[in-house]
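What follows is a short report on a single structure.
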Amino acid sequence: MKMRLTTILFFAFLAPHSVTGLHSQYLTHEQLVEFMTNGHVYLKDMLPQLREPLFRVDHHHARNKAARAYERYFLERVGCNETSMRYLARVDEGDGPKALRDCVDLLIKNTDAEHIDDIKPFYQLVDLHEHSKTIAEIAMGEHIASIAADLLQVDRVRLFQTRTFRKVPSKDKTMEELFNHATYMHRDLFMVPIDTNDFFTFWCPLRNVTAEDSVLTYARGSHRDISHFMWYGDGPEEEDDDEEEAPEDRCPKEPKPPMFVFYPLQGEKVTRVPPLQFRKGKKISSRRENKELNKISDEYDMINLQSNRHKIDIYQTINVGDCIAHHGWLEHGATSQRSSSGPREAIALSYVGADGYKLLSSEDRNGEEFLYGDFRDEIMFWQWYYDIKDGELIDHPKLPLIWPPQSKGTEAKSNRTEECDVVGHETN
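Mapping of the sequence shown onto mature numbering (1 follows the signal peptide of the UniProt record, and there is no 0): residues -21 to -1, 1 to 407, in sequence order.
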């Protein structure tokens, strides 16, 4: 009888809430529908512990450790090994930023100008949960795991990554932030070597963010836009035509409709306001003056890329403790930090359905592009990537199973193979 009662309680705990049908007691059906429809949703007061002084101390400590790990990773990957410059030793001595600068200067000296951007470091501060018990408890706790399971609509969830992003005004830039400028519109899953659609990220600021700060921009519904890939590729580059312009080309044409519309969002509600019309190369115009949104438009040509066909949502205010969840296929970006109030810092927590598979290599996919990132993005997954065979389940200690909660710590050991026994990662 005791065994039967225990079994009933076990499955009752795993079952969705009897009233809402959701695992999480925090999430609402309206928020779930908004996430599935728009690809992003504002979650007010989801992580109030981010406001606690202890978290700030732990995060600062974890960020410093993650920065040193990135410096070592970058120096090793680009070949700045132990020479007379003592690159790696200087990282251990706390002189990592200067060692990185010296390494980059050397690489630039020996690199074609058109490839310089390919070697500039972008601080990817990852695995914060491995450096902080506080962050680990948040990232793998039942509260956030249940929300992740509901948003993805899956029974099993793994923690993919914890990261921190720091953007600073130009006058405050140091080596760590030198290249943390505006973030181009991108889809996260293009840089994740997992065959899945079940992937998303919580983006949570570590101080109150306003329209004067670096703001995130979301291409509404782009995670559902399959035709984007079918019909809206880059196409061939246009060639310069020295021939005389045809008369019909000189005639005025009907104005084209705006490429997309900005919808500023306030708080947890999707607030409709008079559309802020934006056309490429033009200022945002509105029935009301909005100086900060005009500043955003100045940068948007650069970060927009192929998002022209989607309406763009932004959140003008995000408070500490609030988070935004966005789907892995949603196009999104961010403007640079313009505020004089100092750096804008945020923590990002990414989750993936537990039953995804490691992507096949490009050799096994008819030469198709494997990932759209480069070695600077590989730091997010290299610790488990070479331990798992192509096409196998992503079952690895570095991708901990966090939902259902009873399964924590029960995942199988790494299925590492001898042929994948490399030091850290492969070098091509």
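For every residue, glycine included, the Cβ atom is placed at its ideal position computed from N, Cα and C.
All values derive from a computational prediction rather than experimental measurement.
Secondary structure at Trp308, three-state DSSP: helix, strand or coil? Reading the sequence shown from its first residue, position 329 is the one you call residue 308. Trp308: coil per DSSP, three-state reduction.
DSSP three-state label for Ala333, please. The residue you call residue 333 lines up with position 354 of the sequence shown. Looking at Ala333 - three-state DSSP - the assignment turns out to be coil, as it is neither helix nor strand.
Stretch-stretch touch, CB-based, cutoff 8 Å, three pairs: the stretch 315 to 324 with the stretch 197 to 208: no
Starting from Ala161, trace the alpha helix (DSSP H) both ways and give me its first and last residue. Your numbering for residue 161 matches position 182 in the sequence shown. No alpha helix (DSSP H) contains Ala161, which DSSP labels as neither H nor E.
Neighbourhood of Leu33 by C-beta distance below 7 Å, restricted to the same chain and skipping five residues each side: Here residue 33 refers to the residue found at position 54 when the sequence shown is read from its first residue. Result list for Leu33: Thr113, in chain order.
Grab me the residues of Cys302's own chain with a C-beta within less than 7 Å of its C-beta, minus the 5 sequence neighbours each way, in chain order. Residue 302 sits at position 323 when you count from the first residue of the sequence shown. Within the same chain, Cys302 has close Cβ partners Leu22, Met25, Leu26, Phe181, Trp182 and Cys183.
His39 burial status per 10 Å Cβ neighbour count (16 or more: buried): Here residue 39 refers to the residue found at position 60 of the sequence shown. Result: exposed.
Which ranges does the alpha helix (DSSP H) cover as unbroken runs of at least 4 residues, wholly within the stretch 32 to 87, from first to last along the chain? 32 to 56 and 66 to 71
Can you list, in chain order, the residues of its chain with a C-beta nearer than 8 Å to that of Glu50? Leave out the 5 residues immediately preceding and following it. The count along the sequence shown starts at 1 and reaches residue 50 at position 71. If we look at Glu50 and ignore the five residues flanking it on each side, its Cβ neighbours are Val70, Gly75, Pro76, Ala78 and Leu79.
Please list the terminal residues of the continuous beta strand (DSSP E) segment that includes Leu11. On the sequence shown, residue 11 is found 32 positions in, with the first residue counted as 1. Premise fails: Leu11 lies in the alpha helix (DSSP H), His8 to Asn17, not in any beta strand (DSSP E).
Look at the alpha carbon of Val105 and the alpha carbon of Thr141, and state the distance between them as a whole number of angstroms. Numbered from 1 along the sequence shown, position 126 holds the residue referred to as residue 105. Numbered from 1 along the sequence shown, position 162 holds the residue referred to as residue 141. Their backbone Cα atoms lie some 6 Å apart in a straight line.
Using CA atoms only, rank isn't needed, just tell me which of Leu85, Tyr336 and Ser3 is closest to Leu378. On the sequence shown, residue 378 is found 399 positions in, with the first residue counted as 1. If we check each option's Cα against that of Leu378, Tyr336 comes out closest.
In the structure shown, what three-state DSSP assignment does Tyr197 receive? Here residue 197 refers to the residue found at position 218 when the sequence shown is read from its first residue. In this structure, Tyr197 counts as strand in the three-state DSSP scheme.
Anticipated Cβ contact below 8 Å, Phe179 with Ala304, distance rounded: For the purposes of this step, residue 179 is taken as the residue at position 200 of the sequence shown. For the purposes of this step, residue 304 is taken as the residue at position 325 of the sequence shown. Confirmed, Cβ separation roughly 6 Å.
Using DSSP with H/G/I as helix, E/B as strand and the rest coil, what is Glu121? In the sequence shown, counting from the first residue as 1, residue 121 sits at position 142. Looking at Glu121 - three-state DSSP - the assignment turns out to be helix.
Kindly list the residues whose CB is nearer than 7 Å to the CB of Asp129, restricted to its own chain and excluding five residues on each side of it in sequence; keep chain order. Counted from its first residue, the sequence shown places residue 129 at position 150. For Asp129, where only same-chain residues beyond five positions count, the Cβ hits under 7 Å are Leu1, His2, Ser3, Leu6 and Leu11.
Quick one: grab the DSSP three-state call for Lys146. On the sequence shown, position 167 is the one that residue 146 refers to. DSSP places Lys146 in strand when its eight states are reduced to three.
Do Met170 and Asp334 have their C-beta atoms within less than 7 Å of each other? Taking the first residue of the sequence shown as 1, we reach residue 170 at position 191. Taking the first residue of the sequence shown as 1, we reach residue 334 at position 355. Their beta carbons are not under 7 Å apart, which means Met170 does not touch Asp334 by this criterion.
Quick one: what does DSSP say Ala127 is sitting in, helix, strand or coil? Along the sequence shown, read from residue 1 onward, the residue named residue 127 stands at position 148. The answer is helix: DSSP assigns Ala127 an H, G or I state.
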